[in-house]
Amino acid sequence: MKLAFSTLGVPGMPMSEVVALAQSCGFQGVELRAHPEEPVHPGIGAKERAEVVETFAAGGIEILTVAGYAKVAAAGEDGPVLEEIRTLLELARDLGASYVRVFPGAGEDAEGGDERAARRLGAAAETADEYGVRILLETHDSHRRGVDAARVVAAVGHKNVGVLWDVMHTWLGGEEPVTSHGVLAPHLGYVQVKDIASADDTTPLALGSGVLPLTECLAQVSGAGDVWVCWEYEKRWYPQAAELPGLLVAGREFLALRASAA
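Using the working numbering, the letters of the sequence shown correspond one by one to residues 256 to 517.
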């Protein structure tokens with residue numbers, strides 16, 4: 256099991272500091288939140304991209320994912336969604352990231368969401384293949400259960416389209432970890448972990464101090480070789496939450512212990 260954390264937990268932090276944090280806390284990779292308010296996003300130029308690559312390479316830390324916000328199941332025209340995915344794929348290619356994260360985002364207009372998502376992901380899959388990047392549909396919002404995300408990805412049927420398992424959302428959807436993993440395993444890119452106090456209070460907590468079935472989720476993937484597990488600590492949305500850097504070492508130890516015990 257290889258461990259990463261998301262820059263959602265350290266909003267606005269310069270990349271040199273992100274790399275130093277990963278090194279000092281024993282993480283092998285980082286998931287980059289690709290939003291214009293962050294240092295790395297599709298709007299940065301070739302020089303800035305090269306500097307990011309150099310910074311991570313010098314520190315021996317992998318850029319796991321470009322975490323975008325394209326909503327592939329949303330109502331509307333395909334063109335803007337496909338263009339957003341294209342820019343994310345180009346950024347991932349230039350940074351050497353393995354994955355691009357997208358959301359379902361069908362919203363209230365869920366009818367036809369599966370078909371829209373499969374059509375758009377299928378259209379983007381060849382570009383992803385050309386760039387050596389895999390698009391991952393996160394278990395989130397309108398498709399929060401594993402069975403929902405797997406249904407879309409199976410309809411695409413392309414090796415460069417898979418699923419990102421966000422364990423909070425499958426739990427909120429009432430799905431047991433063994434069920435989630437069972438349907439996601441053929442499509443799984445990696446696992447995103449976090450912890451919260453309850454379904455009504457999703458303020459991020461230190462791993463193991465909340466209600467999410469993390470031990471059960473990790474048991475499903477601990478024997479799967481070099482599977483990545485990424486801690487997504489949603490500090491950006493909860494400014495009152497504790498600062499992530501002070502929690503990272505204990506979080507890494509929590510994850511490593513469960514991986515070795517399974």
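Just so you know, even glycine gets a beta-carbon here, dropped at the ideal spot from N, CA and C.
Using a Cβ-Cβ cutoff of less than 7 Å, which residues in the same chain neighbour residue i once the five nearest sequence positions on both sides are dropped?
i: G351; result: V308, I318
i: V433; result: Q475
i: Y399; result: It is worth fixing the name first, because residue 399 is Arg in this sequence and not Tyr. The answer, listed in chain order, is H424, T425, L427, G428.
i: G417; result: R389, L391, V408, H442, L443, G444
Please state whether DSSP places residue i in a helix, a strand or coil.
i: I340; result: helix
i: G465; result: coil
i: V433; result: helix
i: A259; result: strand
i: L460; result: coil
i: E286; result: strand
i: G444; result: strand
i: P335; result: helix
i: E370; result: helix
i: G351; result: coil
i: V438; result: helix
i: G298; result: coil
i: A514; result: helix
i: E508; result: helix
i: E293; result: coil
i: G264; result: helix
i: E363; result: coil
Report all residues from its chain with a CB closer than 6 Å to the CB of residue i; omit the five preceding and five following residues, and keep chain order.
i: I340; result: A325, A379
i: W486; result: F260, V448, G506
i: L503; result: C280
i: L346; result: P297, V321
What span of residues does the beta strand (DSSP E) with residue i cover, start to end?
i: T320; result: 317-326
i: Q278; result: Not the beta strand (DSSP E): Q278 falls in the alpha helix (DSSP H), residues 270-280.
i: V355; result: 354-358
Quick one: give me the first and last residue of the alpha helix (DSSP H) that residue i is part of.
i: A312; result: 301-314
For residue i, which residues in the same chain have their Cβ closer than 8 Å to its Cβ, ignoring the five residues on either side in sequence?
i: R371; result: V327, A328, A329, A330, D333, A361
i: K490; result: L263, G264, V265, P266, P459, A496, E498, L499
i: A452; result: T458, L460, G465, V466
i: A275; result: G314
i: H290; result: H296, Y324
Would you call the stretch 462-471 and the stretch 401-419 in contact, with 3 or more CB pairs under 8 Å?
As far as the Cβ criterion goes, the stretch 462-471 does not touch the stretch 401-419, which means the pair count is below three.
If we require 3 or more residues per run, which beta strand (DSSP E) segments fall completely within the stretch 378-431?
Segments of the beta strand (DSSP E) lying fully in the stretch 378-431: 389-393, 416-421.
Taking the runs of the beta strand (DSSP E) that are 3 residues or longer, which of them lie wholly in the stretch 469-503?
The qualifying runs are 483-486.
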